[in-house]
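Asker:
Protein chains in written order, with this note's numbering: chain A, 1 to 274; chain B, 1001 to 1574.
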């Protein structure tokens, strides 16, 4: 059995066992006390602290605390476990009042961003690899600038050497903004190539008005457009692979703060309650 | 903005003596002892006179009875000349590790590791005065805390040993081939005195003195061959007399360039790397005139495919070539030629045992069932799906394209190559941040490198089996770690000459301008910045091993031994 599959089976078994145990204990506890929500509440809070701790774990890689890969797997399956805990804690009912809605909303955003994060983390690297043209994220602006300068030089060359402004005008009208910065962000994310095809079609149409020498320049521009499109693809996916954490982590800390406030309020207003 | 400079002397060769306590008087004494008394000083260059080599690249060491001089398995970059007293070399099988008193490498304590949270400097490439203080660097631990064998008489009873007498050289194999020590040698008696010569000095001595070069060549071959052949299964059954006859008729061959990285870089730039341009050791279709045993370096095993050659595998130290053909011909009275070609990649040192010797002495000593299986008619007809062929064909396990990629780029040299599975890597750079955090905020690799399919080999030190970066270091600052064999740079003795960085074929060593505790650049008297070589040290001072590998949340990165392609294949297909 392959490594990934074996590990998935192991973690799923652990999650299943933990879930069955939790539901059984909760059922017993609920029959015995009116404070069953305290059990699920503290358990949920404890697991959330562990989940938040993963972010701290990544900041101290020199401590011999095991492999991040294993901790991420724990993070994922424990995250799913909190879903069950959350449902038991709220007893499957919709939240009422702004405080509950806020807490539930923050939880939903953290859970949702986490699920989105793991989906893109598992799927998008394959897309990046299949597309090729790997560029480290920090170097993308440098490469973009180099492509822009090459395209601009070609456009200017066509005026100076070929005594024709057709390509230069097309460049100013259609390509300048394309090379100036990242383009078609959403199209790249959803793997739609319509914007690229439109641009290439326009370049192809332009060929009707070009002579042989100009067509050579146009062909070079097509090559640069393809490179720039590949670079934008790398930029869009790599940026999103980083950006989702900027939602997941800050909202997690926000959720933790509001959860602490929730605990304080619960104990503050529970005097005498049984 | 005012800039404060920390002025120090620009380091020079021999600024740092191998042993600061080595004196002119001791050099004078050495000059009266063979082989130095017989050396022609006129042959030495003015920049590196014989007396200068002895004063700066050598030191006199005295050992007590039972004290270990060199241990099998340790990496060392110096050779020894026995001046007085005696020493004993432990023959195979060697001493158990416990008897050898192996020490753990110098890991940080848990407190020191936690303290990195607040002690990591804010500025890049800061070096503390302790780090640059060479007094501790030139006092090896072995000198202060010698390791002694307990119960020497019992060891002499239970193990085969050979006596070494004044005038004997040893350790030159490890020093010159940058390999692990093959034997343990310990002092006998309390008056054992040795001259230890670091390999830079030994290299210069051999360059300028023919007699010493021939002498070391001879003993190198004798000892290497006897030890090496004893380790090859097919020669194990030979008695001493038979082995001696084999040794007498064995040939040696050194192919390629000892400092191959320069040539490799040129070919890579020109894009002209191809198997057809590599020197052939043995060619497919030729009569098998001997078994080729690879002693050091690497060779490409290839087979004709269409109009080109397909790489099946690369063979490193300890591998053999041609045995199956010779055994087949001997048992079947046949004349099967070599079925594959063997080509040099970089530098390869081989031992060739001629076919006649194999047929007369070696093969008759081996039981038939232990001989390689004869070729089947299908195999000789070109079938590539036999069990033996598949075992040999690493390309079948990891894919032929990846096999060519590893060979073409010479990544087979790596014992801890950083490979990244791009289909798992989210480009999050957690590995780079972890590396920086574990190295005073200085990342020691680039998450960038050669790509083949879904595999990237990142620009990180691979801690090579054949570390060409060690060649040419004037002070021995770049060296093998004592236990793990990882290649590390001693910041105290690095003179910033860039030789290692230029030699490294994988662009894994960077030269950096260093700063002091306050963040100011350190400069020499001419106000030129002081540069040091930096590279990955496999987090050798951290408890948990390489931080980069541990920090990858998606299991996309591994440090792989590229000579264990089965493990690599398992990882690829995990």
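In this text, a Cβ means the ideal position worked out from N, Cα and C, and glycines have one as well.
As the structure is a computational prediction, the values presented were derived from the model and not from experiment.
1. Taking the beta carbon of residue 1527 of chain B as the centre, do at least 16 other beta carbons fall within 10 Å, making it buried, or is it exposed?
2. Going by C-alpha distance, which of B:1234, B:1571, B:1519 is nearest residue 1361 of chain B?
3. Are residue 1166 of chain B and residue 1082 of chain B closer than 8 Å when you measure CB to CB?
4. Taking residue 227 of chain A as the query, report the chain B residues whose CB atoms sit under 9 Å from its CB, ordered along the chain.
5. Between residue 191 of chain A and chain B, is there a C-beta pair that is closer than 8 Å?
6. Specify, as a first and last residue, the run of the beta strand (DSSP E) that residue 1031 of chain B falls within.
7. Under 8 Å, Cβ to Cβ, is there at least one residue of chain B near residue 86 of chain A?
8. Given a cut-off of 8 Å on the beta-carbon distance, is the pair residue 154 of chain A and residue 217 of chain A in contact?
9. Expressed to the nearest angstrom, what Euclidean distance is found between the alpha-carbon atoms of residue 1103 of chain B and residue 1184 of chain B?
10. So is residue 32 of chain A buried or exposed if we call it buried at 16+ other beta carbons inside 10 Å?
11. Short check: CB of residue 1057 of chain B to CB of residue 1201 of chain B, under 8 Å?
12. Taking a contact to mean a Cβ-Cβ separation below 8 Å, would you say residue 1230 of chain B touches residue 238 of chain A in this structure?
13. For chain A, is any of its Cβ atoms less than 8 Å away from the one on residue 1450 of chain B?
14. Check the DSSP bridge columns for residue 1078 of chain B and list the partner residues they point to.
15. Is there at least one Cβ from chain B nearer than 8 Å to residue 246 of chain A's Cβ?
16. Roughly how far, in whole angstroms, is the beta-carbon of residue 1551 of chain B from the beta-carbon of residue 68 of chain A, given that I think they are within contact range, below 8 Å?
17. Please list, in chain order, the chain A residues whose beta carbon lies closer than 7 Å to that of residue 1042 of chain B.
18. Taking 8 Å as the CB-CB limit, is residue 1500 of chain B close to chain A?
19. Would you list, in chain order, the members of the stretch 1543-1565 of chain B that have their beta-carbon closer than 9 Å to a beta-carbon of chain A?
20. Rounded to whole angstroms, what is the Cα-Cα separation between residue 260 of chain A and residue 44 of chain A?
21. Are at least three pairs of beta-carbons, each pair with one atom in the stretch 176-195 of chain A and one in the stretch 208-216 of chain A, less than 8 Å apart?
22. Using the C-alpha atoms, what's the distance from residue 1314 of chain B back to residue 1298 of chain B?
23. Could you check whether the Cβ of residue 3 of chain A sits closer than 8 Å to any Cβ belonging to chain B?
24. Just curious, the beta strand (DSSP E) that residue 62 of chain A is in, first and last residue?
25. Taking CB distances under 8 Å as the criterion, tell me whether residue 242 of chain A reaches chain B.
26. With DSSP as the reference, identify every bridge partner of residue 1529 of chain B, one or two as the case may be.
27. Measure the Cβ-Cβ separation of residue 1386 of chain B and residue 1538 of chain B and say whether it is below 8 Å.
28. Considering only their Cβ atoms, is the gap separating residue 61 of chain A from residue 1543 of chain B smaller than 8 Å?
29. Could you have a look at residue 1290 of chain B and say whether DSSP puts it in helix, strand or coil?
30. Short of 6 Å in beta carbon distance, which residues of its chain neighbour residue 1393 of chain B, apart from the five on each side in sequence? Order them along the chain.
31. Would you say residue 1137 of chain B faces chain A, with C-beta separation under 8 Å as the test?
32. Report the start-end ranges of each alpha helix (DSSP H) in the stretch 1324-1364 of chain B that is 4 residues or longer and not cut off at the edges.
33. Just the chain B side, please: which residues come within less than 8 Å of residue 116 of chain A by C-beta, in chain order?
34. Looking at the structure shown, is residue 1159 of chain B part of a helix, part of a strand, or coil, going by DSSP?
35. Which value, in whole angstroms, describes the spacing of the CA atoms of residue 1137 of chain B and residue 1321 of chain B?
36. With a threshold of 6 Å on Cβ separation, who are the neighbours of residue 1566 of chain B within its own chain once the five nearest residues in sequence on each side are excluded?
Answerer: Judging by the given coordinates:
1. Locating residue 1527 of chain B in the second chain gives position 527, counting from the first residue. Looking at its Cβ environment, which holds fewer than 16 other Cβ atoms inside 10 Å, residue 1527 of chain B is exposed.
2. Position 361 of the second chain, counted from the first residue, corresponds to residue 1361 of chain B. Cα-wise, what sits closest to residue 1361 of chain B is B:1234.
3. Taking the first residue of the second chain as 1, we reach residue 1166 of chain B at position 166. Taking the first residue of the second chain as 1, we reach residue 1082 of chain B at position 82. Closer than 8 Å, so yes.
4. Taking the first chain and counting its residues from 1, one reaches residue 227 of chain A at position 227. None at all; the shortest Cβ gap to chain B is about 16 Å.
5. Numbered from 1 along the first chain, position 191 holds the residue referred to as residue 191 of chain A. It does not: the Cβ of residue 191 of chain A has no partner Cβ on chain B nearer than 8 Å.
6. For the purposes of this step, residue 1031 of chain B is taken as residue 31 along the second chain, with counting starting at 1. Annotation: residue 1031 of chain B is outside any beta strand (DSSP E) and is labelled neither H nor E by DSSP.
7. Locating residue 86 of chain A in the first chain gives position 86, counting from the first residue. Answer no: the Cβ-Cβ gap between residue 86 of chain A and chain B never drops below 8 Å.
8. To locate residue 154 of chain A, count along the first chain from 1; it is residue 154. To locate residue 217 of chain A, count along the first chain from 1; it is residue 217. Yes, they are a contact pair.
9. By 1-based counting over the second chain, the position of residue 1103 of chain B is 103. By 1-based counting over the second chain, the position of residue 1184 of chain B is 184. Because the pLDDT of residue 1103 of chain B is 42, which lies under 50, any placement of that residue in the model is unreliable, and the number read from its coordinates should be weighed accordingly. The C-alpha of residue 1184 of chain B is placed about 15 Å away from the C-alpha of residue 1103 of chain B.
10. By 1-based counting over the first chain, the position of residue 32 of chain A is 32. Exposed: under 16 other Cβ atoms inside 10 Å.
11. As a first step, residue 1057 of chain B is located in the second chain; it is residue number 57 there, counting from the start. As a first step, residue 1201 of chain B is located in the second chain; it is residue number 201 there, counting from the start. Yes; because the gap between Cβ atoms is below 8 Å, this pair is in contact.
12. Locating residue 1230 of chain B in the second chain gives position 230, where the first residue counts as 1. Locating residue 238 of chain A in the first chain gives position 238, where the first residue counts as 1. The criterion of a C-beta distance shorter than 8 Å is not satisfied by residue 1230 of chain B and residue 238 of chain A.
13. Along the second chain, one-based indexing puts residue 1450 of chain B at 450. Interface flag for residue 1450 of chain B against chain A is unset, since no Cβ pair is found closer than 8 Å.
14. Here the question's residue 1078 of chain B lines up with position 78 in the second chain. For residue 1078 of chain B, which the question treats as bridged, DSSP gives the partners B:1198.
15. Counting from one through the first chain, the residue named residue 246 of chain A turns up at place 246. So no, residue 246 of chain A is outside the interface.
16. Counting from 1 along the second chain, the entry for residue 1551 of chain B is found at position 551. Counting from 1 along the first chain, the entry for residue 68 of chain A is found at position 68. Under the criterion of beta carbons closer than 8 Å, residue 1551 of chain B and residue 68 of chain A qualify as touching, at roughly 5 Å.
17. Along the second chain, one-based indexing puts residue 1042 of chain B at 42. By Cβ distance, chain A contributes nothing, its closest Cβ being about 55 Å from residue 1042 of chain B, past 7 Å.
18. Taking the second chain and counting its residues from 1, one reaches residue 1500 of chain B at position 500. Residue contact check for residue 1500 of chain B against chain A: no CB pair falls below 8 Å.
19. Residues of the stretch 1543-1565 of chain B whose Cβ lies closer than 9 Å to any Cβ of chain A, in chain order: 1543, 1544, 1545, 1547, 1548, 1549, 1550, 1551, 1552, 1553, 1554, 1555, 1556.
20. To locate residue 260 of chain A, count along the first chain from 1; it is residue 260. To locate residue 44 of chain A, count along the first chain from 1; it is residue 44. Looking at the two C-alpha atoms, the distance is approximately 12 Å.
21. Output reads no: the stretch 208-216 of chain A does not touch the stretch 176-195 of chain A.
22. Mapped onto the second chain, residue 1298 of chain B falls at position 298. Mapped onto the second chain, residue 1314 of chain B falls at position 314. If you take the alpha carbons of residue 1298 of chain B and residue 1314 of chain B, they lie about 7 Å apart.
23. As a first step, residue 3 of chain A must be located in the first chain, where it is residue number 3. Yes, its Cβ sits closer than 8 Å to a Cβ of chain B.
24. Start at 1 with the first residue of the first chain, and residue 62 of chain A comes out as number 62. From DSSP, residue 62 of chain A is part of no beta strand (DSSP E); its letter is neither H nor E.
25. One-based indexing of the first chain puts residue 242 of chain A at position 242. For residue 242 of chain A, the answer is yes, since a Cβ of chain B falls inside 8 Å of its Cβ.
26. In the second chain, the residue the question calls residue 1529 of chain B occupies position 529. Residue pairing by DSSP places residue 1529 of chain B opposite B:1523 in a beta bridge.
27. Here the question's residue 1386 of chain B lines up with position 386 in the second chain. Here the question's residue 1538 of chain B lines up with position 538 in the second chain. Going by C-beta atoms, residue 1386 of chain B is not nearer than 8 Å to residue 1538 of chain B.
28. If you number the second chain from 1, residue 1543 of chain B lands on position 543. If you number the first chain from 1, residue 61 of chain A lands on position 61. Contact flag unset, no.
29. For the purposes of this step, residue 1290 of chain B is identified with residue 290 of the second chain, where counting begins at 1. Strand at residue 1290 of chain B.
30. Along the second chain, one-based indexing puts residue 1393 of chain B at 393. These residues qualify, in order along the chain: 1312.
31. Counting from 1 along the second chain, the entry for residue 1137 of chain B is found at position 137. Any reading at residue 1137 of chain B must be qualified, since the residue scores a pLDDT of 34, below 50, and its modelled position is unreliable; the value itself is stated next. Cβ-Cβ to chain A under 8 Å: no for residue 1137 of chain B.
32. If we require 4 residues or more, the stretch 1324-1364 of chain B turns out to have no alpha helix (DSSP H) run fully inside it.
33. For the purposes of this step, residue 116 of chain A is taken as residue 116 along the first chain, with counting starting at 1. Neighbours of residue 116 of chain A on chain B: none; closest Cβ ~13 Å, over 8 Å.
34. The residue labelled residue 1159 of chain B in the question sits at position 159 within the second chain. Three-state DSSP puts residue 1159 of chain B in coil, outside helix and strand.
35. Here the question's residue 1137 of chain B lines up with position 137 in the second chain. Here the question's residue 1321 of chain B lines up with position 321 in the second chain. Note that residue 1137 of chain B has pLDDT 34, beneath the 50 cutoff, so the model's placement of it is unreliable and no number is given.
36. Taking the first residue of the second chain as position 1, residue 1566 of chain B is located at position 566. Contacts found: none.
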